[in-house]
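All letters in the sequence shown, in the order written, are residues 76 to 825 by the working numbering.
Ideal placement from N, C-alpha and C gives every residue a C-beta, glycine not left out.
Worksheet: the structure to be examined is printed underneath.
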Amino acid sequence: MPYGSDPYKMPILVRSTNKKTIPLSAYKKVPLTLLALVLAIPLAAQKKNQSFQLNIHKTTATIEIDGIGNDMAWQDTDVASNFYMVLPMDTGMANEPSEIRMTYDENNLYLLATFYNATKGPYYVESLRRDFSFGKNDNFLLFLDPFNNQTTGYSFGSNAAGAQWDGTMHSGGSVDLNWDSKWISAVTSDEEKWVFEMAIPFKSIRYEDGVTEWGINFSRLDLKSGEKSSWTPIPRQFPTASLAYTGTLVWDSPPPSPKTNFSIIPYVLGGISEDLENNTDTQYDKKIGGDVKFSLSTSLNLDLTVNPDFSQVEVDRQVTNLDRFELFFPEKRQFFLENGDLFANFGYATIRPFFSRRIGLGVPIRAGARVSGNLNKKWRLGLMDMQTASIDETGLPSQNFGVLSLQRKVFARSSIGLMFVNKESFNYPQDTDSLRTVFPKFNRNVGLEYNLASANNQWTGKAFLLKSFAPKKNGNGISQAAHLEYKSRKWNWKIQEESVEDDYTAEVGFVPRNGYVNVTSYIGHLFFPKKSTILSHGPKFSTSYFFNERLEHTDNINLMEYLFDFRDRSKLNLGVTDEYVELLSPFDPTRSGKELLDIGTQHHWNAYTIDFISKPQSMFTYSIGGRFGGYYLDGNRTSLISELGYRFQPFVSLSSNLSYNNINLPAPWNNTEFWLIGSEVDITFTNKLFFATLFQYNEQSKNFNLNSRFQWRYKPASDLFLVYSNNYLIEPLEGRNWALTLKFTYWFNK
């Protein structure tokens with residue numbers, strides 16, 4: 076992560092060295108003030124680009140998905156053209172011509188896109204891998220809002236080499252690429268243009284029956300000209316995925332009423348593993364399980380899983396950890412991801428009442444069920460229940476995880492949400508008081524949340540309140556927070572407050588810090604010079620102050636940055652930080668097993684940061700980040716981060732990540748240095764045959780691991796995986812484990 080991008084590290088060069096107690100009455104006014112600002116903003120308005128309409132007519136002709144587009148069905152369709160430029164500037168029409176045609180029949184929604192090249196040159200693509208990196212590929216994306224609620228939907232697309240992209244959309248413009256569905260596409264290209272053709276089965280998406288208007292938009296990125304364009308006009312500060320700026324797809328009659336959609340996705344797995352660290356015998360693994368998908372309505376889905384296995388899931392990228400609190404790693408298991416925003420987005424990144432990675436942590440999941448989707452245009456529902464096994468060796472009981480999420484749209488694009496999370500333990504292997512202390516009988520969270528999104532997307536915000544319940548008093552607490560953010564072309568600012576009581580517990584959530592009050596803000600401004608290699612530049616000032624529950628100042632970080640965006644899409648950020656910490660618990664500043672600093676010790680330092688990201692058009696790409704300056708105990712810390720990449724497009728992509736830290740402190744810590752090295756080889760033989768190998772060496776944790784994965788997508792959404800993993804500690808050498816897994820999945824549709 077580039078320096079200065081951490082939400083806890085966005086701080087204004089002002090720091091008081093005197094510990095001051097702020098009146099509690101003054102603090103309590105903060106969330107009420109924010110809420111008043113939120114409610115005062117005009118929210119109800121007509122959709123911004125309502126007048127942009129594309130009519131779609133039913134066809135009876137046959138369409139062959141070959142990327143040529145010469146079928147008779149395309150001759151009588153309406154055409155979406157005259158795209159608007161979004162980047163580098165949003166002040167005119169696009170220079171690169173684009174044309175979109177759409178039609179449908181009883182089974183599929185069809186799209187034909189033609190992208191002409193006003194700027195001559197090669198196409199830029201990263202690889203043939205599905206769900207490619209948006210900014211590193213010439214690409215086309217379709218954004219569908221079937222409920223026309225400007226909040227949720229689907230995204231489909233392709234890069235210029237034919238690699239597919241698909242994901243679910245949430246929060247008005249975010250795309251979750253972990254969702255995969257059945258659809259087909261093809262791409263052809265020459266010097267003058269590239270053509271993309273696709274067919275999406277109606278049963279692969281959810282929509283409201285009988286509705287004749289959907290939200291829709293089309294986005295094109297052309298790297299050789301440095302231009303991003305959109306069918307509808309969108310301000311440059313927003314992504315083209317912003318559903319607030321969609322046009323309207325007008326059907327000649329309602330789309331076909333979906334028939335019963337029933338899918339069974341079984342898997343068969345065989346594997347071998349060896350754990351030398353614990354000196355166990357070679358293990359031979361055989362497993363059978365699978366998922367079931369059933370459409371309860373045109374927009375609500377039931378998912379079931381029995382004896383799930385996630386051996387093919389991509390491993391986590393290791394990171395250097397010099398933070399005082401737990402690090403966050405994202406969920407990657409497919410079962411938890413469709414409509415995942417209903418469960419995972421409640422609260423803030425550092426105050427989550429529900430975090431699905433807490434389920435199945437070192438314990439088998441026996442079965443699970445989930446109902447999720449849209450009840451109608453205004454209501455969304457998420458309901459999940461998961462059951463894990465008990466483990467006799469550790470005394471871990473069987474546990475049941477239940478989650479309810481209910482969301483209602485209000486005003487133009489805002490929403491009110493309710494969440495209830497319940498973790499229940501039962502069938503203790505040994506029912507003792509000590510085990511009930513380690514594994515409490517229950518932990519529950521209930522919360523309300525208001526999400527603000529203005530009609531033009533310039534104003535966004537959130538306010539929420541959470542209450543936890545546990546068998547003992549010290550598990551019963553409250554957390555609350557609120558923020559308000561404004562974005563225009565030139566100005567961007569945000570103010571946020573949050574608090575977490577010491578007694579607040581979320582055993583199924585992610586709350587790395589308790590017993591604090593935090594106030595965070597930032598403000599930034601951009602200048603746009605004319606006829607310059609610099610597209611925009613400007614300052615950004617950020618501040619984040621923490622207090623304990625008595626409102627005594629405990630730590631803060633202030634950051635002053637200057638940001639440069641260049642016309643070739645490279646970026647440069649320069650910054651200076653001012654940081655103060657009073658330790659609330661013992662802490663080893665090297666995180667390498669050395670002496671601990673005492674509670675109550677105070678530390679203050681300044682540091683300088685630099686980040687540069689190269690232009691994505693080059694075959695060789697890189698980013699460099701550095702942090703130079705003070706650290707704990709008036710010491711010094713130098714950190715360097717680099718990401719290097721080279722591609723032999725479109726088949727091979729090579730990348731490496733290098734991180735180096737040098738920490739100089741007084742005795743007994745003295746000098747500490749460590750490297751983190753990661754290297755990945757990604758080979759895409761075709762858009763159905765993939766091989767990737769990831770090597771990682773972490774000197775801080777003295778760990779080396781290797782993960783290789785071969786994937787053959789022999790049919791849409793059906794795969795054969797061969798996965799090899801090897802993980803061992805450098806000291807001692809015998810601390811090693813490895814595994815080889817063969818997994819076969821097949822998607823049966825009815």
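Check, Outcome
"Taking the straight line between their C-alpha atoms, what separation do you get for Leu-708 and Asn-633?", "19 Å"
"Quick check for students: name the residue ranges of the beta strand (DSSP E) that lie wholly in the segment 487–521, counting only runs of 3 or more.", "489–501"
"From Trp-289 to Gly-196, what does the alpha carbon distance come to, in whole angstroms?", "36 Å"
"Taking 8 Å as the threshold (C-beta atoms), are Leu-216 and Leu-186 in contact?", "no"
"Who are the near neighbours of Tyr-16 in its chain, counting only those whose CB is closer than 6 Å to its CB and skipping five residues on each side?", "Here the chain covers residues 76 to 825 and nothing more, so residue 16 does not appear."
"Report all residues from its chain with a CB closer than 6 Å to the CB of Asn-732; omit the five preceding and five following residues, and keep chain order.", "Glu-718 and Gly-753"
"Ends of the beta strand (DSSP E) at Leu-417?", "No beta strand (DSSP E) contains Leu-417, which is instead part of the alpha helix (DSSP H) from 416–419."
"Counting only the same chain and skipping the five closest in sequence on each side, list residues whose C-beta sits under 7 Å from that of Ala-111.", "Here the model assigns Ala-111 a pLDDT of 47, short of 50, so the residue's position is not dependable, and the following value carries that caveat. No residues qualify anywhere along the chain."
"Secondary structure at Asp-213, three-state DSSP: helix, strand or coil?", "coil"
"If distances are taken between C-alpha atoms only, which option among Ala-261, Lys-257 and Gln-225 comes closest to His-245?", "Gln-225"
"Taking buried to mean at least 16 other C-beta atoms within 10 Å of its own C-beta, is Leu-114 buried or exposed?", "A caution first: Leu-114 carries a pLDDT of 49, below 50, which makes its placement in the model unreliable, though a value can still be read off. Burial call: exposed."
"My output table needs one value for Lys-826: the three-state DSSP class, helix, strand or coil.", "Given that the chain is displayed from residue 76 to residue 825, the structure contains no residue 826 and the question cannot be resolved."
"Which residue from Val-485, Gln-505 and Gly-437 puts its Cα closest to that of Ala-464?", "Gly-437"
"Please state if the CB of Ile-440 and the CB of Pro-405 are separated by a distance shorter than 8 Å.", "no"
"Buried or exposed for Asn-292, please, with buried defined as at least 16 other CB atoms from any protein chain shown within 10 angstroms of its CB.", "buried"
"Please name the residue in Glu-627, Tyr-683 and Ser-249 whose C-alpha comes closest to that of Gly-675.", "Glu-627"
"Flag this pair as yes or no: are the beta carbons of Asn-376 and Ser-447 separated by less than 8 Å?", "yes"
"Residues in the same chain with beta-carbon distance under 6 Å from Ile-716, minus the five sequence neighbours each way, listed in chain order, please.", "Gly-700 and Ser-734"
"List the residues that DSSP assigns as beta-bridge partners of Pro-276.", "Asn-183"
"Using a C-beta cutoff of 8 Å, does Thr-469 count as contacting chain D?", "Protein chain content of the structure displayed is limited to a single chain, and chain D is not contained in it."
"Taking its Cβ as the centre, do 16 or more other Cβ atoms sit within 10 Å of Pro-329, making it buried, or is it exposed?", "exposed"
"In terms of residues, what are the limits of the beta strand (DSSP E) holding Thr-816?", "811–820"
"For my contact list, Gly-322 and Ile-340 are in at a C-beta cut-off of 8 Å; report their separation, rounded to the angstrom.", "35 Å between Cβ atoms; not a contact."
"For Ala-319, which three-state DSSP category applies?", "helix"
"When you compare the CB positions of Thr-307 and Phe-127, do they come within less than 8 Å of one another, or not?", "yes"
"Among residues of its own chain, excluding the 5 on either side of Ile-131, which ones have a beta-carbon nearer than 8 Å to its beta-carbon?", "Thr-152, Asp-153, Met-177, Thr-178, Tyr-179, Leu-324, Val-325, Trp-326 and Asp-327"
"What three-state label does DSSP hand Phe-823 in the structure shown?", "strand"
"Can you list the beta strand (DSSP E) stretches of 3 or more residues lying completely in the segment 568–612, in chain order?", "591–600"
"Is the beta carbon of Val-161 closer than 8 Å to that of Ser-66?", "Lying before the first or after the last residue shown, residue 66 is absent from the chain, which here runs from 76 to 825."
"How long is the line joining the alpha carbons of Leu-344 and Ile-138, rounded to whole angstroms?", "38 Å"
"If you drop the 5 nearest sequence neighbours on each side, which residues of the same chain put their C-beta closer than 6 Å to that of His-612?", "Phe-602 and Phe-639"
"Spatial neighbours of Asn-551 within its chain, please: C-beta separation below 7 Å, excluding the five flanking residues on both sides.", "Ser-543, Phe-544, Ala-545 and Asp-578"
"Any chance the segment 667–687 sits against the segment 758–765, with 3 or more Cβ pairs inside 8 Å?", "no"
"Is the Cβ-Cβ distance between Gly-457 and Leu-817 less than 8 Å?", "no"
"When the Cα of Ser-776 is compared with those of Phe-749, Leu-671 and Phe-641, which residue comes out closest?", "Phe-749"
"Mind reading off the beta-carbon distance from Tyr-706 to Pro-664? Whole number of angstroms is fine, and I expect it under 8 Å.", "7 Å"
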